[in-house]
Amino acid sequence: MPYTVFKGADPIQLCHLVTRPAHSIINQAFDSRLRLDATRAVNGDGFGVGWYDPFPEPELGAAPCIFTSVTPAWNNQNLQRLADKIKSPLVFAHVRASTAGALSETNCHPWRYGRLMWMHNGQISDFSKIKRKVLASLPEPLFLFPQGHTDSEFAFAVFLSHLSNPLQTEPFSYQELRDAMSSTISDFNTWAREAGITEPSLMNFCVTDGECIICTRYVSSKHDQAASLYFSSGTSFYEHSPGTYRMVKMDKREKIIVVASEPLTFEKADWMEIPSNTLVCITPKMNVLQLPIRDEYWLGREEEVAGGGKGRSPTFAIKTGYPPSVGAVGMDERLGRGVTAVR
Numbered sequence: 006m007p008y009t010v011f012k013g014a015d016p017i018q019l020c021h022l023v024t025r026p027a028h029s030i031i032n033q034a035f036d037s038r039l040r041l042d043a044t045r046a047v048n049g050d051g052f053g054v055g056w057y058d059p060f061p062e063p064e065l066g067a068a069p070c071i072f073t074s075v076t077p078a079w080n081n082q083n084l085q086r087l088a089d090k091i092k093s094p095l096v097f098a099h100v101r102a103s104t105a106g107a108l109s110e111t112n113c114h115p116w117r118y119g120r121l122m123w124m125h126n127g128q129i130s131d132f133s134k135i136k137r138k139v140l141a142s143l144p145e146p147l148f149l150f151p152q153g154h155t156d157s158e159f160a161f162a163v164f165l166s167h168l169s170n171p172l173q174t175e176p177f178s179y180q181e182l183r184d185a186m187s188s189t190i191s192d193f194n195t196w197a198r199e200a201g202i203t204e205p206s207l208m209n210f211c212v213t214d215g216e217c218i219i220c221t222r223y224v225s226s227k228h229d230q231a232a233s234l235y236f237s238s239g240t241s242f243y244e245h246s247p248g249t250y251r252m253v254k255m256d257k258r259e260k261i262i263v264v265a266s267e268p269l270t271f272e273k274a275d276w277m278e279i280p281s282n283t284l285v286c287i288t289p290k291m292n293v294l295q296l297p298i299r300d301e302y303w304l305g306r307e308e309e310v311a312g313g314g315k316g317r318s319p320t321f322a323i324k325t326g327y328p329p330s331v332g333a334v335g336m337d338e339r340l341g342r343g344v345t346a347v348r
């Protein structure tokens with residue numbers, strides 16, 4: 006279930022993120038280069054794109070617009086048409102391979118609540134065993150909020166429950182969103198522990214209020230890698246040949262930031278891997294903060310050295326069908342070159 010996030014100082018045409026790059030999220034839907042599990046190699050159970058108005062008008066409000074469909078992303082003409090005509094400074098895009106919940110638009114990411122937008126790449130292990138506790142934790146307005154049946158949407162409801170006023174019209178501080186995200190992860194770890202669940206959960210969450218963005222790359226294990234997550238930043242993201250894009254850095258200030266489950270380009274120098282169990286905060290001023298999630302599953306340097314420096318294993322992420330980190334060489338081999346973009 007790869008996702009892509011874009012934040013820019015200037016609006017971008019959606020097609021430059023969603024349809025034109027040779028390894029765009031549409032191509033990842035059927036050609037996930039980092040996914041190693043052949044049993045779920047296609048993300049064809051629906052998709053969604055969410056964006057904010059580049060020039061907000063009071064009568065339209067601050068909520069994002071979201072387009073979802075249960076058809077495969079690569080075969081949806083409406084997505085192609087919209088992507089060619091819409092510009093936005095903040096975009097979420099997601100393709101789905103169902104792990105929990107039926108095939109329906111209500112189960113497609115992203116979701117919104119007020120001005121907030123949310124999506125998830127991963128799975129809450131044995132969610133059915135903790136669902137009753139999840140529901141019991143929600144206040145009345147949020148108890149009625151989930152319309153679908155996915156663990157991801159209920160995770161959004163849990164996140165919202167940690168905000169003092171999730172329907173506020175003013176932007177949130179990045180500190181409040183960061184703390185709510187940390188509390189959400191902590192809640193799921195507590196519920197899993199109380200239920201005796203031993204299989205790790207993959208919690209690559211992403212949320213925004215249209216101003217700042219919080220992303221996590223997280224697994225509830227000290228020994229396993231989380232599903233992959235990368236970021237790229239610069240001053241321009243341009244197409245120098247059909248389907249081939251480059252991130253260019255002309256000065257010290259970032260004007261474009263992209264976070265993605267898989268790199269959108271085949272230039273490995275453009276992308277930096279986000280470490281497992283890390284929270285990434287993109288502030289309204291385009292600063293990128295990487296913060297370690299220091300809980301019981303944090304693997305500190307001393308512990309890594311004590312374990313022989315082996316670090317985290319990719320086995321669990323591979324088994325569950327979510328690509329882990331493969332390193333620069335592995336990424337170069339799997340991504341390859343010369344792939345034609347879907348038009």
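Read in order, the letters of the sequence shown are residues 6 to 348 in the working numbering.
All C-beta atoms, glycine included, are put in the ideal place defined by N, C-alpha and C.
Asked: C-beta contact flag for Pro329 and Ala200 at 8 angstroms; Found: no
Asked: Arg222 and Thr270 closer than 8 angstroms at C-beta; Found: no
Asked: Distance, Ser237 Cα to Thr9 Cα; Found: 11 angstroms
Asked: 8 angstroms Cβ cutoff met for Val100 and Phe161; Found: no
Asked: CA-to-CA distance, Pro176 to Tyr250, given in whole angstroms; Found: 32 angstroms
Asked: From Ser133, Cys20, Gln128, residue whose alpha carbon lies closest to that of Ala88; Found: Cys20
Asked: CA-to-CA distance, Pro297 to Tyr179, given in whole angstroms; Found: 16 angstroms
Asked: Leu234 vs Val264 beta-carbon contact at 8 angstroms; Found: yes
Asked: Secondary structure of Thr345, DSSP reduced to three states; Found: For Thr345, the predicted model reports a pLDDT of 34, less than 50, meaning its position is unreliable; a value from the coordinates is still stated below. Thr345 falls in the coil class under three-state DSSP.
Asked: Contact set for Thr240: own chain, Cβ-Cβ below 8 angstroms, skip 5 residues either direction; Found: Val253, Lys254, Met255, Asp256, Arg258, Glu259, Lys260, Ile261
Asked: DSSP-derived helix/strand/coil call for Tyr223; Found: coil
Asked: Residues sharing a beta bridge with His99, DSSP; Found: Tyr8, Gly53
Asked: 4 or more residues per run - each alpha helix (DSSP H) lying fully within the stretch 113–145; Found: 132–141
Asked: Short Cβ contact (8 angstroms threshold) for Tyr302 with Ser225; Found: yes
Asked: Alpha-carbon to alpha-carbon, Pro59 and Asp156; Found: 31 angstroms
Asked: Cβ pair Ser166, Pro151 closer than 8 angstroms; Found: no
Asked: Burial state of Tyr112, where buried means 16 or more other Cβ atoms lie within 10 Å; Found: The displayed chain sequence assigns Asn, not Tyr, to residue 112. Answer is buried; the Cβ neighbour count reaches 16.
Asked: Delimiting residues of the beta strand (DSSP E) encompassing Gln230; Found: First-last for Gln230: undefined, no H or E at that position.
Asked: Test item: CB-CB of Leu22 and Val96 under 8 angstroms; Found: yes
Asked: Sequence-distant residues of the same chain with beta carbon closer than 7 angstroms to Gln85, five excluded per side; Found: Thr24
Asked: Under 8 angstroms between C-beta atoms of Pro94 and Tyr118; Found: no
Asked: Chain-order list of residues whose beta-carbon lies under 6 angstroms from that of Arg317 (same chain, five-residue window excluded); Found: Asp229, Gln230, Ser281
Asked: The alpha helix (DSSP H) enclosing Phe159, as first and last residue numbers; Found: 156–166
Asked: Limits of the beta strand (DSSP E) - the one that Ala265 falls within; Found: 261–265
Asked: Val163 and Asp192 closer than 8 angstroms at C-beta; Found: yes
Asked: For Lys136 and Ser323, the rounded distance between their alpha carbons; Found: What sits at residue 323 in the sequence shown is Ile, not Ser. Going from the Cα of Ile323 to the Cα of Lys136 covers about 25 angstroms.
Asked: Cβ-Cβ distance between Ile202 and Val212 below 8 angstroms; Found: no
Asked: Residue span of the beta strand (DSSP E) that contains Glu287, given as start and end; Found: For clarity, residue 287 is Ile in the given sequence; the question names Glu instead. Segment 283–287, the beta strand (DSSP E) holding Ile287.
Asked: For Gly55 and Met122, the rounded distance between their alpha carbons; Found: 8 angstroms
Asked: Counted within 10 angstroms of its Cβ, other Cβ atoms place Lys12 as buried (16 or more) or exposed; Found: buried
Asked: Rounded C-alpha distance that separates Ala14 from Ala274; Found: 22 angstroms
Asked: Residues of its chain near Gln18, where Cβ-Cβ distance is below 6 angstroms and the 5 sequence neighbours each way are ignored; Found: Lys92
Asked: Where Thr195 falls, given that 16 or more other Cβ within 10 Å makes a residue buried; Found: exposed
Asked: Reduced DSSP secondary structure (H/G/I, E/B, other) of Asp15; Found: strand
Asked: Simplified DSSP state of Cys211, which is helix, strand or coil; Found: strand
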